[in-house]
Every structure is written in structure tokens, then in C-alpha cells.
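One structure is given below, encoded as C-alpha cells.
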Amino acid sequence: MTATMTSAAQGQGPRRAESAIRRRSVRAIKVYWPVSRQTLATLAEGEVAVLHEDESLAGLFRALEASPELGDFGLYTDVFEVGVGAEGFTAAPGSTPALGAVGSRSLSPTLTFTTYLDTAVADDEVSRVLARIVAAHPWEVPVVELSAPLELVSRA
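As C-alpha cells, then:
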């Protein structure tokens, strides 16, 4: 809760600040993307420019930029969030891992990119957006999530 005091309200105690909100139905797209340890460490230190300096991310950014319907927040476009983390896996027989070896457990420094797509976007366009992301992904089996519809809340 936010409390504000104005000169007219003085003597009446704190007044609750109310503001109108806008609710919008969207789907989240979350992409898990491997990066170097150096990129992960640099980003964790707050150096966000590394996202555009790391060549391994260029394909993802091209896929996102080719999809103008992603991250549309009206006054802001191309909106996305990045989380720092790790991805664990065991490469099964028949796989060709880019990291690690078949049968062994591996950990990869990973960034999680989240962006949003309005639910009004046609299913065939959603599939094209996802295909661009999957085609750019360096893993043999990319991890890309498409959420069920959810609501984003913003100021009206």
C-alpha cells in the first residue's frame, strides 16, 4: 500500500493512493539460451551491454527483432527481461551435445529471455515467431516455453 499526504489531507491521516490499471491478455515466451561463463559473470556484475557484445546472442536478437509483435507494450516496444542462471542436463545416447558428453551430467551457464505476445496474434504467426527462435538456437534440443494466456497489468 502507498500512502500520500497532501496539504488538503493533512490532519486527516494518510490517504491511500489509487490509480487506474489496464489488464491485457498475453502469452509469455521464455527462451533458455546458453552463454559463456564470462558473459554470465559480466552480466551478473551489472554490465548489461555485454548482451549486445556477445556474438552467441546475435542469432537470438535477430530472431526477436524480426518479430515486431514481441514485447509490444504500447509506449515501449521490443520489451524483454533477462534472468541469469544455469541449465542442467544429461545427453542421452543418440544425441550430439554441443556441451558435455553423452551419458554425463552437464551444467551450462544460461540466460533466460522472457518477452510477451498479445493473445490476438494469429496462431500461424505465433508458430513463425517460435520457428525463428528455434532455428537460431545453438542447442540440439532448444528449451523454449510458450505460456497459456495470462494477464499483464500496467497503468491505464
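Residue numbers (the numbering used here): 1084 to 1239. Glycine is no exception: its CB is placed at the ideal position from the N, C-alpha and C atoms.
Per-residue burial, residue i [other beta carbons within 10 Å of its own, 16 or more giving buried]
| i | result |
| --- | --- |
| THR1122 | buried |
| GLY1154 | buried |
| THR1194 | The sequence shown places Leu at residue 1194, rather than the Thr named in the question. Buried is the call here. |
| LEU1200 | buried |
| ALA1135 | Sequence check: residue 1135 is His here, not Ala. Looking at its Cβ environment, which holds fewer than 16 other Cβ atoms inside 10 Å, HIS1135 is exposed. |
| VAL1114 | buried |
| PRO1176 | exposed |
| LEU1126 | buried |
| PHE1196 | buried |
| ALA1219 | buried |
Beta-carbon contacts of residue i that lie in its chain and below 6 Å, excluding the five residues immediately before and after
| i | result |
| --- | --- |
| ARG1107 | LEU1235 |
| VAL1212 | SER1150 |
Same chain, Cβ closer than 7 Å to residue i, neighbours up to 5 away in sequence not counted
| i | result |
| --- | --- |
| THR1202 | SER1108, VAL1109, ARG1110, PRO1232 |
Contact check, residue i vs residue j, beta carbons under 8 Å
| i | j | result |
| --- | --- | --- |
| ALA1174 | PRO1192 | no |
| PRO1221 | SER1139 | yes |
| ARG1105 | SER1237 | yes |
| PHE1163 | SER1189 | no |
| LEU1147 | THR1198 | yes |
Three-state secondary structure (DSSP) of residue i
| i | result |
| --- | --- |
| GLY1142 | helix |
| THR1173 | strand |
| GLU1208 | helix |
| THR1202 | coil |
| LEU1182 | coil |
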